[in-house]
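Numbering (our numbering), first residue to last: -10 to 75.
Don't be surprised by glycine CBs; every beta carbon is placed ideally from N, CA and C.
It should be emphasised that the depicted structure is a prediction, and the values quoted were computed from it without experimental measurement.
This report refers to the structure that appears directly beneath it.
Set out below in structure tokens:
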């Protein structure tokens, strides 16, 4: 069988909701909201509020890019971080 689909849909970001207490909120296109730590990424941890708020979706929302910071994060990675138990 060629081209069988697994039926998995990659999570996609619709919007970045904000940055509070070392965490960022992201709204996904499927209606979920993810709250993940951004402080584990040195460039984001050191960034100004205006640089954090200057983001754009990458690859139809599968990632988030901060052009001034030269930082890219995948939405799947943010979800993994949000599910991590410390």
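Is DSSP giving residue 35 helix, strand or coil here? Here residue 35 refers to the residue found at position 46 of the chain shown. Looking at residue 35 - three-state DSSP - the assignment turns out to be helix.
Skipping 5 residues on each side, what residues in its chain have a beta carbon closer than 8 Å to that of residue 6? For the purposes of this step, residue 6 is taken as residue 17 along the chain shown, with counting starting at 1. Taken in chain order, the residues that qualify are 13, 14, 15, 16 and 22.
Residue 26, enclosing beta strand (DSSP E) - first and last residue: On the chain shown, residue 26 is found 37 positions in, with the first residue counted as 1. Per DSSP, residue 26 is one residue of the beta strand (DSSP E) stretching across 22 to 26.
Using three-state DSSP, classify residue -10 as helix, strand or coil. Position 1 of the chain shown, counting from 1, holds the residue named residue -10. Bear in mind that the predicted position of residue -10 carries a pLDDT of just 48, short of 50, making it unreliable; the figure below should be weighed with that in mind. DSSP, read as helix, strand or coil, puts residue -10 in coil.
Buried or exposed: where does residue -10 fall if 16 or more other Cβ atoms within 10 Å of its Cβ makes it buried? Counting from 1 along the chain shown, the entry for residue -10 is found at position 1. Note on residue -10: pLDDT 48, under 50, position unreliable in the model; the coordinate value appears next. Classification of residue -10: exposed, given that the 10 Å Cβ count is below 16.
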